Every structure is written in structure tokens, then in C-alpha cells.
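The sequence shown: position 202 = 202 (the UniProt record's numbering), numbered continuously. The next block holds one structure in the form of C-alpha cells; read it before the comments.
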Amino acid sequence: MRRYPSPDTWRGASKRQRNRAQRSFKQLKKRKVPVYDGPLVVDDDKDATLQDAQEVARRTLVLWAVELRAEGTPQEEAIELIDTLDLGDSVSPEEKRFLEDPKPRAHECQALVWRLESIWVLLWALGYLEELDWPSDMCNVPKLVNILEVCESSAEFITEAELRDKAEILDAQDLIVRIHWAIREAYLSRDQEIPANLDWSKDAEMLPVSMCHGVGVVEQRHHTLNWLVNFPEPAGWDDVETPT
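Take a look at the structure:
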């Protein structure tokens, strides 16, 4: 039987951090996800700082413009969306380079389509989604598109933006860090395979890490949640780190 560590023994971790880890372990145990056997915690609520809600809304729309371009929307239309919504200051250097490229490479476009998963997390953080499901499946793209088609035409999406409770965001971050650790551990192991549905408790189809679409979902969620809570330190979108 897999042994899960007891956060109660973690020196330096606050009660909130230990309780948060226990909640994550409850979900991980249900699916028998491998876990790191040492202390691994996200910042305590009193130490964590969230991005400004309006900047989160702006980042959501920037990612939407970039994703549209990656999906084949004409360059001028993607740039017009940025200009119309006055989002220029929120575009990252890498995004600016991509948007200004009249003929972006196919592999760049394919990579940026994954930003749909980042948008999904940001919409959740802004209260447009009730919950983040287990990251085994890609987001509900039609639902995402429906939300954003309304949001991009509403100034209130930015001016009246509000974030959900910090504790909820930290809960999501704590869980995704642990799932990402399990994926990376599998990648470094001899077999390099994980369950297609990221559930180790059943006889699920096993796939190489590089072929499991859930990996992309986890990577994008981890990047986005770390940006949201400025972890491990404040950084621009292009420079966010995802340590495990």
C-alpha cells in the first residue's frame, strides 16, 4: 500500500498549510496518485499575494487573442482585439513577438492552443466557473468560447472583475503541484508511463508521458495558478516557474 506523508510532522508549516495538504492528499489517495514523501507546501494564506483582479481579466483576454491567432484567426483581427480592448500593456514579450509574426510556425501555434487551459483556470478564478475538475480531460471549449464572446464585448469584464477567495486558489495550486510532481516523477522513471486519465487506482490505459493530454492540462494549470499567486516569486507571464 502506498504510504502518504503526514503533514502534522512538517516543521515550519502552518496549520493552514498542513490542512491544505491533507485535503489534497484525500483527493490523491482516492486515485492512488504517487506523492512526494517529504514536505511540499504552497505559501500560507497570510504570505501569498494574488494578482490584481483587473489584471487577471486583462490576461484572460490577451490569452484569448493569442489563442485565436494560433487557431488561424487573421493577424489583423487578433491585433485589433488587443487594440480595441486596450490590452497592449498586458501582452508579454513572447506574445507580442507571436502576434507580430505574419507567418507563425505550426509548432508555435500548436503549443499556444494549450493556453485554452490557462484561460479556463482564469475564468474559474474570476468566478465564471464553479469548479476545476480533475485535470484528466481538456476544458469545455464550447463553454469557454461562449463565456469569452460575451466578456470581450463587455467593459465590465475588466472594470468589475473580482477574484474568488484566496484560500480556494491556494487549494487548487497545492493539488496541481502534487499532480505535476507525480507526472514528472513518472517521466524520470524507467517505464515513463502514466494512466491516461491520471487515475492510478484503476486499470486505466497507460500512455507515455509525452502522449497523455492530461499532462498539458496539468502544465497549463500549474503555470497559471503560480502566476495568480505570484509563486515562487512575482514574475511576468513568460517567466513563471513551476517547481515541484
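Here a beta-carbon is modelled for each residue, glycine too, at the ideal position from N, C-alpha and C. Predicted, not measured: the structure shown is a model, and the values here were computed from it.
Asked                                                                                                  : Found
Bridge partners - L207, DSSP secondary structure assignment                                            : I194
Helix, strand or coil at Q27 according to DSSP, with G and I counted as helix                          : helix
When V215, E168, P5 and P234 are compared against K29, the one with the closest alpha-carbon           : P5
At least 3 beta-carbon pairs within less than 8 Å: the segment 227-243 vs the segment 168-177          : yes
Whole-number beta carbon distance between V66 and R31, since they are thought to touch under 8 Å       : Rounded, the Cβ-Cβ distance is 32 Å, inconsistent with contact.
P34 versus K103 - alpha carbon distance                                                                : 42 Å
Extent of the continuous alpha helix (DSSP H) run through V145                                         : V141 to C151
Three-way DSSP call (helix, strand, coil) for G72 in this model                                        : coil
Terminal residues of the alpha helix (DSSP H) in which G214 lies                                       : H213 to L228
Unbroken alpha helix (DSSP H) run spanning Q110, endpoints                                             : A106 to V113
Nearest-angstrom Cβ-Cβ length linking D132 and I169, presumed shorter than 8 Å                         : The amino acid at residue 132 is misidentified as Asp; the sequence shows Leu. That belief does not hold up - the Cβ atoms of L132 and I169 are roughly 10 Å apart, past 8 Å.
Straight-line gap, R2 to I179 (C-alpha atoms, nearest Å)                                               : Only weak support is given to the placement of R2: the predicted model assigns it a pLDDT of 47, under 50, and the value that follows is read from those uncertain coordinates. Computed Cα separation, rounded: 15 Å.
For R2, three-class secondary structure by DSSP                                                        : Low per-residue confidence applies at R2: pLDDT is 47, beneath 50, and the placement is therefore not dependable, though the value from the model is reported in the following sentence. Note: R2 maps to coil in three-state DSSP.
C151 vs L61 beta-carbon contact at 9 Å                                                                 : yes
Span of the alpha helix (DSSP H) around Q173                                                           : K166 to L188
Exposed unless 16 or more other CB atoms sit within 10 angstroms - verdict on Q22                      : exposed
Reduced DSSP secondary structure (H/G/I, E/B, other) of E162                                           : coil
Separation of K26 from R59, as counted between CA atoms                                                : 32 Å
Where W120 sits in the DSSP three-state scheme                                                         : helix
Check whether Q220 and S154 have beta carbons under 9 Å apart                                          : no
Buried/exposed call for E95, threshold 16 Cβ in 10 Å                                                   : buried
Short Cβ contact (9 Å threshold) for W64 with L81                                                      : yes
Straight-line Cα distance separating P7 from A106                                                      : 45 Å
Three CB pairs or more closer than 8 Å across the segment 158-169 and the segment 197-214              : no
Buried versus exposed call for S24 [16 or more other C-beta atoms within 10 Å across all chains shown] : buried
Which listed residue (A53, R18, D47 and D101) has its alpha carbon closest to that of G38              : R18
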